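Q: Pasting a structure here, questions to come.
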Amino acid sequence: MRAKLEKLLAPSIKDNYFRIRNRGKADKTALQFVYSSYVRKDRRIYSPCKKTYDKYCSFCQQNSLVPLSSWQFKRQMQLMGFVYQTRHRFGKHVTTAYKNIGLVRR
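When the count follows our numbering, it moves up by one through the sequence shown with no breaks and lands on 1012 for the last residue.
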């Protein structure tokens, strides 16, 4: 019984895999950010929209790129397949979040 439970809870590559959609239509700066080392693509992770956009702006400043507005960034994230959730709980706060994307701490 215990072996079956461990097998179910063990991480698998297929479980975490998230494929980005519409690469040809997406903005180049947003694509570079999603494929950078700042981001981890995983189906089980949620990331607050404000923190994701702030991290994107700092990424653009470091690489001398012109960042999109927050509205345009939201549309690009949705185009690439990251789900925009209007109510998601982070600790005591309920805020907006993107599903399938996580931010790497540095």
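From the three backbone atoms N, C-alpha and C, an ideal C-beta is built for every residue, glycine too. The structure displayed is predicted, hence computed values, not measured ones.
Classify residue 991 as buried or exposed, calling it buried when 16 or more other Cβ atoms lie within 10 Å of its own Cβ.
A: Classification of residue 991: exposed, given that the 10 Å Cβ count is below 16.
Q: Report buried or exposed for residue 941, applying the criterion of at least 16 other Cβ atoms within 10 angstroms of its Cβ.
A: By the neighbour-count rule (16 or more Cβ atoms within 10 Å), residue 941 is not buried but exposed.
Q: Just grab the DSSP bridge partners of residue 1007 for me.
A: DSSP, once it has assigned bridges, lists 947 as partnering residue 1007.
Q: Have a look at residue 946 and residue 958 and give me their C-alpha separation to the nearest angstrom.
A: Residue 946 and residue 958: Cα-Cα distance of roughly 12 Å.
Q: Taking the alpha-carbon positions, what's the residue 953 to residue 1002 distance?
A: Spanning the two alpha carbons is a distance of roughly 9 Å.
Q: Taking the alpha helix (DSSP H) that residue 940 falls in, what are its first and last residues?
A: It spans 934 to 940 - the alpha helix (DSSP H) in which residue 940 sits, taken as one unbroken run.
Q: Mapping the DSSP letters down to three states, classify residue 995 as helix, strand or coil.
A: Note: residue 995 maps to strand in three-state DSSP.
Q: Give me the Cα-Cα distance between residue 1005 and residue 980, rounded to the nearest whole angstrom.
A: Cα to Cα, residue 1005 sits roughly 12 Å from residue 980.
Q: Does DSSP classify residue 964 as helix, strand or coil?
A: DSSP places residue 964 in helix when its eight states are reduced to three.
Q: Should residue 985 and residue 935 be called a contact, given that it needs their Cβ atoms to be closer than 8 Å?
A: Not a contact, by the Cβ cut-off of 8 Å.
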